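Asker: Listed in order, the protein sequences are those of chains A and B. Position one of the first sequence corresponds to residue 221 (the working numbering), numbered consecutively onward. Position one of the second sequence corresponds to residue 174 (the working numbering), numbered consecutively onward. Cβ coordinates follow ideal geometry from the N, Cα and C atoms, glycine included. What you are looking at is a predicted structure, and each value in this text was computed from that prediction instead of being measured.
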Amino acid sequence: MTSNDALIWLHEYSLRLPTKLPLSVTSEQPKIYCFIWDDAYLRQQNYSLKRLVFIYESLTQLPINIFQGDTINILQQRPEKEIYIESTSYPPLQEKIKTLEEYKTVKIIPAETWVNIPANKKYQRFFQYWKNAEKQLIQK
Amino acid sequence: MTTQSLPLSLEKTFESREELIAYIKKISPWAQGEASKIMGGRRAAEQSLSQIDPLHYAATRNYADGKVSRLSPYITHGILALEEVRLQAMTHVSCVQQIYKFLQELSWRDFWHHFAAHHPQTLWTDIEMYKTGWKSSDYADDLPADIAEGKTGVACLDQFIAQLIDTGYLHNHARMYLAAYVVHFRRVKWQAGAGWFLHHLLDGDIASNNLSWQWVASTFSHKPYIFNLENVARYFSEAVDTSPQNNQEINYSYSELTERLFHDI
């Protein structure tokens, strides 16, 4: 492992290898995928054993390392300069990412787009959203 | 100078599922409950994806044995992408209009995430006032123990709760019944119920879950969602006990319920 490798941190809402990495990751660059079993964090989310088993079972089918410990400590100590993380709207994970940015260069892998929403649009009700989504999904 | 140590790598190979479960109990001994029969992982996701029946989804989706996909745990955890589901659904039909409702329902999650991204503060706070005639302060903060344990005395709801606790999955219609029962019949804040669902559901997703609870509660909709025994019996009579004698608390007409549950509306 070297500082030029690309480290991809998978969180519990991204339990698959990303299909598209940002262009800054070259095809020759070694990629290291990891999930961190951060017990304090998982406990704080109040996940049941059902959820933990589901997550772990999913991890065992991926070519990744599962590290145990505090997410920030582990990622902070990694030699890789850049850490790639799939976009998330889950506030506790966003907090972790914000903290990590104090120590590392974090690059967000954009979430796959289901429908394109104009940047200035903030839909307040589903059927306003659906008017736009319908055109894209039904005419696709 | 700080000492750097290599993090501990956890096991990935197990002889059996039981061994994997025992391992998780060892590394996270605080975790409550037992494992669900619903399997995690890409293989199980692909198996479920191959079994969807989007063509009959619209007509049957509200029924206990309706052709719902049950893919939500895999979608929530990013194991399956919505686009993969769409492409698989398209292989069942000759025209996209045949799966209109299926695609519309898949889109709800995207909408909740869009809304939550712009209004993250609404995930745990009322978006609007309750339209029930009651103030937020009229609702209890905590989930009563009889609900958490599935001992409400309303037979069909207790069976839904048992299923939630046992499997971590509930039909969407059953989720709406439970949410309406918690908020409107028992007058408990939607936040208490939302947290309870997030604890148990394998597809627990804060945006979809909490905003749906707000929709039922009427803090994110024009009116409260309520149900009665007749409605449960119509859709779930084969799945749960819908006998009037075992479900008295919900055995009223809608006008009677409106009178009983709400305040001057």
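1) Using 8 angstroms as the limit for Cβ to Cβ distance, is threonine 264(B) near chain A?
2) Would DSSP call lysine 185(B) helix, strand or coil?
3) In angstroms with no decimal places, state the Cα-to-Cα distance between threonine 175(B) and aspartate 258(A).
4) Going by beta-carbon coordinates alone, are glutamine 205(B) and leucine 269(A) separated by less than 8 angstroms?
5) Take glutamine 271(B) and list the residues in its own chain whose beta-carbon comes closer than 7 angstroms to its own, dropping the five residues that flank it on each side.
6) Since glutamate 248(A) meets chain B, which of its residues come closer than 7 angstroms, beta carbon to beta carbon?
7) Distance check for isoleucine 338(B) and tyrosine 267(A), CA to CA, integer angstroms please.
8) Output, in sequence order along the chain, the residues in the region 277–292 of chain B whose CB is closer than 9 angstroms to any CB in chain A.
9) Could you work out which residue in Gln332(B), Ile334(B), Glu207(B), His344(B) is closest to aspartate 376(B) when comparing CA atoms only?
10) Using a Cβ-Cβ cut-off of 8 angstroms, state whether isoleucine 337(A) counts as contacting chain B.
11) How many angstroms separate the CA atom of tyrosine 398(B) from the CA atom of tyrosine 350(B)?
12) Closest to isoleucine 320(B) by C-alpha separation, out of Phe333(B), Ala195(B), Glu191(B), would be which residue?
13) Hey, which unbroken runs of the alpha helix (DSSP H) at 4 residues or more fall wholly within the region 208–265 of chain B?
14) Which ranges does the alpha helix (DSSP H) cover as unbroken runs of at least 4 residues, wholly within the region 335–403 of chain B, from first to last along the chain?
15) For aspartate 283(B) versus tryptophan 334(A), is the C-beta distance shorter than 8 angstroms?
16) Under 7 angstroms, CB to CB, which of the residues in the region 226–242 of chain A have a partner in chain B?
17) Which of helix, strand or coil does DSSP assign to threonine 295(B)?
18) Among Phe274(A), Pro311(A), Asn293(A), Ile286(A), which one has its Cα closest to the Cα of glycine 251(B)?
19) Any beta carbon from chain B within less than 8 angstroms of serine 223(A)'s own beta carbon?
20) Where do the ends of the alpha helix (DSSP H) carrying asparagine 352(A) lie?
21) For arginine 216(B), go through chain A and note every residue whose CB falls closer than 8 angstroms to its CB, in chain order.
22) Report the rounded CA-to-CA distance for glutamate 354(A) versus alanine 367(B), giving the unit in angstroms.
Answerer: The relevant details are as follows:
1) It does not: the Cβ of threonine 264(B) has no partner Cβ on chain A nearer than 8 angstroms.
2) In the three-state reduction of the DSSP assignment, lysine 185(B) falls in the coil class.
3) Low confidence applies here, because threonine 175(B) scores a pLDDT of 44, under 50, leaving its location unreliable; read the following figure in that light. In this model, threonine 175(B) and aspartate 258(A) are separated by some 21 angstroms (Cα to Cα).
4) A contact, by the Cβ cut-off of 8 angstroms.
5) Within the same chain, glutamine 271(B) has close Cβ partners Leu228.
6) Listed along chain B, no residue sits closer than 7 angstroms to glutamate 248(A) by beta-carbon distance, the nearest being about 26 angstroms off.
7) Those two C-alpha atoms are separated by around 12 angstroms.
8) Listed by position along the chain: Gln277, Leu279, Ser280, Trp281, Arg282, Asp283, Phe284, Trp285, His286, His287, Phe288, Ala289, Ala290, His291, His292.
9) Cα-wise, what sits closest to aspartate 376(B) is His344(B).
10) The beta carbon of isoleucine 337(A) falls within 8 angstroms of a beta carbon belonging to chain B, placing the residue at that interface.
11) One C-alpha to the other measures close to 9 angstroms.
12) Nearest option by C-alpha distance: Phe333(B).
13) Counting whole runs of 4 or more residues, the region 208–265 of chain B contains the alpha helix (DSSP H) stretches 215–223, 230–233, 245–249, 255–263.
14) You should have 345–353, 363–373, 379–390.
15) Contact flag set, yes.
16) Answer set for the region 226–242 of chain A: Glu232, Tyr233, Ser234, Leu235, Arg236.
17) Here threonine 295(B) sits in helix by DSSP.
18) The option with the nearest alpha carbon to glycine 251(B) is Phe274(A).
19) Closer than 8 angstroms: no.
20) Looking at the DSSP string, the run of the alpha helix (DSSP H) that includes asparagine 352(A) is 346–358.
21) Under the 8 angstroms cutoff, chain A gives Gln281.
22) Those two C-alpha atoms are separated by around 29 angstroms.
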